[in-house]
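Counted the way my numbering counts, the sequence shown spans residues 1268 to 1377.
Cβ atoms here follow ideal geometry from the backbone N, Cα and C, with glycine treated the same way.
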Amino acid sequence: MIQAQSSSNMSFDMTELSQSITLLLSSIAVEEMALAHIVNGEAEKIQYVLGTLQPSLFQPEDVSVDNLLAINDSVQRIMEDVLLREVMLQMKFSHIMMALEVNSMRTHRT
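In structure tokens:
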């Protein structure tokens, strides 16, 4: 609900604003958890190929350099994508914080 104070000055209902902020922050948290699962999966992929994740079908001596390089390339691509998502989440969080500051300044002025 938007409450108009005048034609040029509008303020949001604080309950609705609070709920919106909570939902936005929750969405960031859910995305962070998903990224953590992806990173963990990539770590397990490497451990599996190296034979350090039990049970493994491979022994370290069975893994070729070409296989290791292919896994490395795959993990690197995924981690680059994760990094980009992290940057986007940081920007989203920063925008939320800026909106909170702007709203706080407006409510303290009136």
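Candidates the options, of which the one nearest residue i by Cα
i	options	result
alanine 1303	Val1349, His1362, Ser1371	Val1349
phenylalanine 1360	Val1297, Asp1329, Asp1280	Val1297
C-beta contact flag for residue i and residue j at 9 Å
i	j	result
leucine 1291	isoleucine 1363	yes
isoleucine 1305	isoleucine 1338	no
leucine 1351	isoleucine 1288	no
glycine 1248	valine 1332	Nothing can be reported for residue 1248: it is not among the residues displayed for the chain, which extend from 1268 to 1377.
glutamate 1309	valine 1342	yes
Exercise. In the segment 1285-1355, which residue ranges form an unbroken alpha helix (DSSP H) of at least 4 residues, counting only runs that do not cross its ends?
Worked result: Counting only runs of 4+ residues, no alpha helix (DSSP H) is found wholly inside the segment 1285-1355.
Exercise. Would you call the segment 1355-1372 and the segment 1309-1323 in contact, with 3 or more CB pairs under 8 Å?
Worked result: Because the criterion of three Cβ pairs below 8 Å is not met, the segment 1355-1372 and the segment 1309-1323 do not touch.
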